[in-house]
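Worksheet for the structure shown next.
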Amino acid sequence: MILPEYRGKQELQKRGINVPAGAVVETAREARKVAERLDGAVVIKAQVPTGGRGKAGGIVVVSSPNEAEEAARSLIGRSLLGHEIKAVLVEERLEVKREFYLGVIAETAIGLVELIFSTLGGIEIEALAESHPDEVHRLALEPFAQLGDSQALDWLRGKGLDEALTKEVAGTAVALHRTFMELDLILAEINPLALCADGRLVAVDCKMEMDDNALFRHPEFIPLWRELLSEQEREAAYIGVSYVPMDGDVALIASGAGLGMATLDIMKLAGLRPANFLDTGGGITCDLMYRAVRFVLKPAGVRGALINLYGGINPMLEAAHGIVNAVRDFNLNKPLVVKLLGNQQEEAWQLLEEAGITVVKSLYTEEAVRLLAKMLKGANEYSP
1 MILPEYRGKQ
11 ELQKRGINVP
21 AGAVVETARE
31 ARKVAERLDG
41 AVVIKAQVPT
51 GGRGKAGGIV
61 VVSSPNEAEE
71 AARSLIGRSL
81 LGHEIKAVLV
91 EERLEVKREF
101 YLGVIAETAI
111 GLVELIFSTL
121 GGIEIEALAE
131 SHPDEVHRLA
141 LEPFAQLGDS
151 QALDWLRGKG
161 LDEALTKEVA
171 GTAVALHRTF
181 MELDLILAEI
191 NPLALCADGR
201 LVAVDCKMEM
211 DDNALFRHPE
221 FIPLWRELLS
231 EQEREAAYIG
241 VSYVPMDGDV
251 ALIASGAGLG
261 MATLDIMKLA
271 GLRPANFLDT
281 GGGITCDLMY
291 RAVRFVLKPA
301 GVRGALINLY
311 GGINPMLEAA
321 HGIVNAVRDF
331 NLNKPLVVKL
341 LGNQQEEAWQ
351 LLEEAGITVV
361 KSLYTEEAVR
371 LLAKMLKGAN
381 EYSP
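Note that my numbering numbers the sequence shown so that position 196 is 196, with each residue one more than the last.
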């Protein structure tokens, strides 16, 4: 779960990190009142759980309460980057002297937590690491280690800050790492961390992503998690699958995240536009597959689907029963290709073929994708 900016800033403030004065509001009139309290010069920021808001017009700088009201009215209720704007954050405008980047991330590939700092803030860290790799400083920690004040100080010395500022940034790093640990986050990022003209060090923007598997330890966040889910994401959670909507028209079901991501790449290389990423995980049942097939194929904009399954621990015959039942019960007549390998594969192939479902028995996903692309092209050519 990506926390809204305002909620992340509340957590930072609890742990002693400065944030801009302001408030989150749901109406234009409320935005005006907050702007009046802050002397008019404010920033209006759409509260949606995604990056890229500035480039998409979701952050507006204004100079008066009237402008604040108009900006809020123009944002609230509209869609931004696929998310409805239900609220905006109204914050004081800051006079910034320098901008830094400070982040903590779970590097699952190496099993470590990594702290990242740069004196070049306000830039996406991926772009910064590519364009100025020498300006990105990293510190690796064991997953359950605490970051101490002296350790943070030693790490940040010699990074282009005077001693007083080094101590202040170090204190912020310790507090950010504590936030990361206490909330079971996989990402905690302040970008930019600004040194203001009045001497304050302020978290101008922040991004926090919580591990959904740890939500049971944080019941206070469960209502927010439910609120942030789209209708599709709620249904996926009910089914018990990992689901990410995309902007294409060809659905995908895969029995593993790695298999799914590789399949997405192959689909795109073949000119297909994926409508979603759906990972069944290792708990396939007839019922789960039945619901998953209906779920991805029912949207009107979806033209067809690829199901790519490997049965290591997953029972392929159970999966096949679920697919066949869904196609039969919901009269799903869109192009569908099933690539299925693993335990009980012969029985599963027979069941699918007897139901008239196209089966690919090859090891290579490319063959299944090429076949689906051909079927989709044929459906377009002969559709009335």
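Glycine included, C-beta positions come from ideal geometry on N, C-alpha and C.
Check residue i in the structure and name its three-state DSSP category.
{"i": "R456", "result": "Given that the chain is displayed from residue 1 to residue 384, the structure contains no residue 456 and the question cannot be resolved."}
{"i": "L38", "result": "coil"}
{"i": "D279", "result": "strand"}
{"i": "H137", "result": "strand"}
{"i": "R98", "result": "strand"}
{"i": "I284", "result": "coil"}
{"i": "G311", "result": "strand"}
{"i": "N18", "result": "strand"}
{"i": "P245", "result": "strand"}
{"i": "L408", "result": "Coverage of the chain is limited to positions 1 through 384, which leaves residue 408 absent and any answer about it impossible."}
{"i": "W171", "result": "The question names Trp, but residue 171 is Gly in the sequence shown. In this structure, G171 counts as helix in the three-state DSSP scheme."}
{"i": "V61", "result": "strand"}
{"i": "L297", "result": "helix"}
Can you grab the Cα-Cα spacing for the pair residue i / residue j, in whole Å?
{"i": "L336", "j": "K298", "result": "13 Å"}
{"i": "I239", "j": "A194", "result": "43 Å"}
{"i": "G22", "j": "K33", "result": "11 Å"}
{"i": "A305", "j": "V369", "result": "10 Å"}
{"i": "L351", "j": "A373", "result": "23 Å"}
{"i": "V359", "j": "I323", "result": "12 Å"}
{"i": "G342", "j": "N325", "result": "21 Å"}
{"i": "E366", "j": "A71", "result": "48 Å"}
{"i": "A399", "j": "R53", "result": "Any answer about residue 399 is impossible in this case: the structure gives the chain only from 1 up to 384."}
Buried or exposed for residue i, going by 16 or more other Cβ atoms inside 10 Å?
{"i": "A385", "result": "Residue 385 lies beyond the stretch modelled for the chain, which goes from 1 to 384, so this question has no answer here."}
{"i": "G356", "result": "exposed"}
{"i": "Y382", "result": "Annotation note: pLDDT 37 at Y382 (below 50); position unreliable, no value reported."}
{"i": "H321", "result": "buried"}
{"i": "N314", "result": "buried"}
{"i": "A140", "result": "exposed"}
{"i": "F277", "result": "buried"}
{"i": "V174", "result": "buried"}
{"i": "I76", "result": "buried"}
Grab the span of the beta strand (DSSP E) containing residue i for me, first residue to last.
{"i": "P192", "result": "185 to 196"}
So what does residue i bridge to, in DSSP terms?
{"i": "G304", "result": "V250"}
{"i": "K339", "result": "N308, V360"}
{"i": "E84", "result": "S79"}
{"i": "I110", "result": "In DSSP, I110 forms no bridge with anything."}
{"i": "F117", "result": "L102, H137"}
{"i": "A386", "result": "Not covered by the structure: residue 386. The range shown for the chain is 1 to 384."}
{"i": "P223", "result": "In DSSP, P223 forms no bridge with anything."}
{"i": "P4", "result": "DSSP, once it has assigned bridges, lists no residue as partnering P4."}
Starting from residue i, trace the alpha helix (DSSP H) in both directions and tell me its first and last residue.
{"i": "M208", "result": "Per DSSP, M208 belongs to no alpha helix (DSSP H); it is in the beta strand (DSSP E), 206 to 210."}
{"i": "V327", "result": "316 to 329"}
{"i": "I239", "result": "231 to 239"}
{"i": "P49", "result": "No alpha helix (DSSP H) contains P49, which DSSP labels as neither H nor E."}
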